[in-house]
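Have a look at the structure below, then the notes.
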Amino acid sequence: MKLTVRIWRQSGPQADGRLVSYAVDEVSPDMSFLEMLDVLNQDLIADGEEPVAFDHDCREGICGSCGVVINGQAHGPERTTSCQLHMRSFRDGDTIDVEPWRAKGFPVVKDLVVDRSALDRIVQAGGYITAPTGSAPDAHATPVPKPDADLAFDNATCIGCGACVAACPNGSAMLFTAAKVTHLSVLPQGQPERARRVLDMVETMDDEGFGGCTNTGECVASCPKGIPFASIATLNREFRKAARSR
Amino acid sequence: MSLTSVNRRPSVLDVVIDAAQRRVGRKRRPAARQFWDSTIGKKIVMAVTGAALLGFVFAHMVGNLKTFFGANDLNAYAHWLRTIGEPVLHYEWFLWIMRAGLVVAVVLHITATVQLVRRDHRARPVRYAHRRPVKATFAVHTMRWGGATLAVFIVWHILDLTVGQVNQDFVAGDPYHNLVADFRVWWVNVIYLVALAMLGLHIDHGFASAARTLGITSVTRERALKVVGRATAIVTTAGFAVVPIAVMTGLVR
């Protein structure tokens, strides 16, 4: 495959960026999107140019490090992470636009790399659970109903990649925060700090400059882990109850 | 999670101090203030006021259908609205109390929206060069300017059929005559029907959105709530639209 990729190049957080067009000639349809960027970077290094900076780690869709906006879609046209997106999703001769996540809470570090530590601070604001978690307890020590366990697990699959923020027309981090809050609020271990946690996390989410939720569903459509839309309702319910009991 | 955050990872002490400071900081702000300052709090205000306004609009629609029972019935109904609560309340008191409530609801609804929209714009300082392929429904994209259209329409509607300023042939105390005089003019019908389309779209997204904001939605109820919202939107829009259409077609004269 021969492709033209237009990539956002920005030398640093304060620098002005722009889309730069590159031709990538030797692309196999079986390559992942990141491998295509690797090929491009090899060419750039061979030509003595600065390679494109992008975040990546596990490359198997479980760490949440990678994530770029491809043709206007977070993680590209398929519902997966950028590393698990394959070039067969594109056609020979395509022009592909690659941009970093765009949000006030995600300042660009360099090229396609953004600082997503705002999400870490939301999790930090949630604090610790006081339930002792030292050694692995017996599986039946604290009974958890199967539907609750499933719901908690569905939400715990969030890898914090930030695609929800990138896809949201309002740059809102509601789906991320909803996944984290729902995950702990349905488990017995999460009960003692339940109210405090949601209030602190929402306050931090707002302080980080993320937008509000307008229930467009764009976040859910782009989430590689399929966090359910209903989790946002759970977050709202938890917030409402906690605000009343304060 | 990202490279930079690893470098700036806080210690356990940092997190404990941060949480303590946050707790102390919150005490200083009244709960209501903090509720209003949060994005979710504003959304809840929008949802509650939206629900109140929907309740009014639906009752208004049902009342309008009195038109089909003739001038006497509609005018008697209009008069009855002014006598609700008598003799505890005086003539028109209920109406004015309700109007005050509606004004408060509209002001809160719009204030929260404007503040959230401004926040949403700030949250994405650099726009994407490649246009986002849209997955949201059409109704979602009409919420803001459609809502603004409704606000302008409400002013015009009050001047038209309550005050009578812009009405073609206004007779105080004879709403049947006023609406028939109104809907005989084609461009008045256009204004009403466009506003009704906006109202329908606003309810369609607003209903499901408010349910989610209030935390009523769950995985199992999601679909049902969407259907109920859409049905409410269609019934409300159709119920309002039949009156001008009936006048246009000569069914009501």
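Chains as they are written, first to last, in numbering that gives the first Met the number 0: chain Z, 0 to 245; chain P, 0 to 252.
Where is the CB? At the ideal position from N, CA and C, for every residue including glycine.
What you are looking at is a predicted structure, and each value in this text was computed from that prediction instead of being measured.
For residue i, count the other beta carbons within 10 Å of its own beta carbon; 16 or more makes it buried, fewer makes it exposed. Which is it?
i: P/Val106; result: exposed
i: Z/Glu25; result: exposed
i: Z/Asp54; result: buried
i: P/Leu250; result: exposed
i: P/Val189; result: exposed
i: P/Gln164; result: exposed
i: P/His204; result: buried
i: P/Ser208; result: buried
i: Z/Trp7; result: buried
i: P/Ile16; result: exposed
i: Z/Asp153; result: buried
i: Z/Ala162; result: buried
i: Z/Lys179; result: buried
i: Z/Ala124; result: buried
i: Z/Lys1; result: exposed
i: Z/Thr132; result: exposed
i: P/Val170; result: exposed
i: Z/Val112; result: buried
i: P/Asn177; result: buried
i: Z/Asp137; result: exposed
i: Z/Asp114; result: buried
i: P/Lys42; result: buried
i: Z/Asn214; result: buried
In angstroms, rounded to a whole number, what distance separates the CA positions of residue i and residue j?
i: Z/Gly170; j: Z/Ile69; result: 17 Å
i: Z/Leu18; j: Z/Arg5; result: 6 Å
i: P/His120; j: P/Tyr175; result: 45 Å
i: Z/Gly189; j: Z/Thr203; result: 19 Å
i: Z/Leu43; j: Z/Ala155; result: 39 Å
i: P/Gly40; j: Z/Ala135; result: 39 Å
i: P/Arg32; j: P/Thr148; result: 30 Å
i: P/Arg229; j: P/Asn63; result: 21 Å
i: P/Val242; j: P/Val47; result: 29 Å
i: Z/Ala140; j: P/Ala99; result: 57 Å
i: Z/Val51; j: Z/Val107; result: 13 Å
i: P/His108; j: P/Leu198; result: 15 Å
i: Z/Thr233; j: Z/Asp119; result: 21 Å
i: P/Trp144; j: P/Ser217; result: 29 Å
i: Z/Lys240; j: Z/Glu192; result: 13 Å
i: P/Ala19; j: P/Leu12; result: 10 Å
i: Z/Thr176; j: P/Leu158; result: 46 Å
i: P/Gly172; j: P/Phe34; result: 44 Å
i: P/Ser1; j: Z/Gly11; result: Only weak support exists for where P/Ser1 lies, its pLDDT of 48 falling under 50; the value from the coordinates is given anyway. When rounded, the distance between both Cα atoms is 16 Å.
Do residue j and residue i come within 8 Å of each other at the CB atom, strictly closer than that value?
i: Z/Ser31; j: Z/Arg58; result: yes
i: P/Val102; j: P/Thr235; result: no
i: Z/Asp199; j: Z/Gly104; result: no
i: Z/Cys62; j: Z/Ser81; result: no
i: P/Leu313; j: P/Ala104; result: Chain P is shown from 0 up to 252; residue 313 of chain P falls before or after that span and cannot be answered.
i: Z/Asp205; j: P/Thr112; result: no
i: Z/Pro223; j: Z/Arg78; result: yes
i: Z/Gly208; j: P/Ala180; result: no
i: Z/Asp96; j: P/His129; result: yes
i: Z/Gly71; j: P/Arg131; result: yes
i: P/Phe206; j: P/Ala232; result: yes
i: P/Gly49; j: Z/Asn235; result: no
i: P/Phe239; j: P/Met45; result: no
i: Z/Arg245; j: P/Ala30; result: yes
i: Z/Cys157; j: Z/Ile226; result: yes
i: P/Leu200; j: P/Thr141; result: yes
i: P/Ala194; j: P/Phe152; result: yes
Among residues of its own chain, excluding the 5 on either side of residue i, which ones have a beta-carbon nearer than 6 Å to its beta-carbon?
i: Z/Met173; result: Cys212 and Ile231
i: Z/Val185; result: Asp147, Leu150 and Ala151
i: Z/Thr94; result: Thr3
i: P/Arg220; result: none
i: Z/Glu237; result: Val180, Ser184 and Val197
i: P/Ala138; result: Leu200, Asp203 and His204
i: P/Arg118; result: none
Looking at residue i and the ligand PLP, is the gap between the Cβ and the nearest heavy atom below 7 Å?
i: P/Gly69; result: As for the ligand PLP, it is missing from this structure, which has no ligand bound.
Quick one: residues in its chain with C-beta nearer than 7 Å to the C-beta of residue i, no 5 flanking neighbours on either side, listed in chain order?
i: Z/Phe228; result: Gly216 and Val219
i: P/Leu73; result: Lys65, Thr66, Pro174 and Tyr175
i: Z/His182; result: Ala151, Asn154 and Ala155
i: Z/Gly92; result: Lys1
Using a Cβ-Cβ cut-off of 8 Å (strictly less than) and excluding sequence neighbours within five positions of residue i, which residues of its own chain qualify?
i: Z/Ala165; result: Gly66, Val68, Ala73, Trp100, Arg101, Ala102, Phe105 and Ser221
i: P/Leu94; result: Leu80, Arg81 and Ile83
i: P/Gln167; result: Ala180, Asp181, Arg183, Val184 and Val187
i: Z/Leu84; result: Ser31, Phe32, Ile69, His74, Gly75, Pro76 and Glu77
i: P/Ile96; result: Leu88
i: Z/Ile121; result: Ala172, Phe175, Thr176, Lys179, Met200, Thr203, Met204 and Glu207
Within the segment 65-127 of chain Z, note down every full beta strand (DSSP E) run reaching 3 residues or more, in order along the chain. 94-98 and 107-109
Length at least 4, wholly inside the segment 107-187 of chain P: the alpha helix (DSSP H) runs in chain order: 137-156 and 174-182
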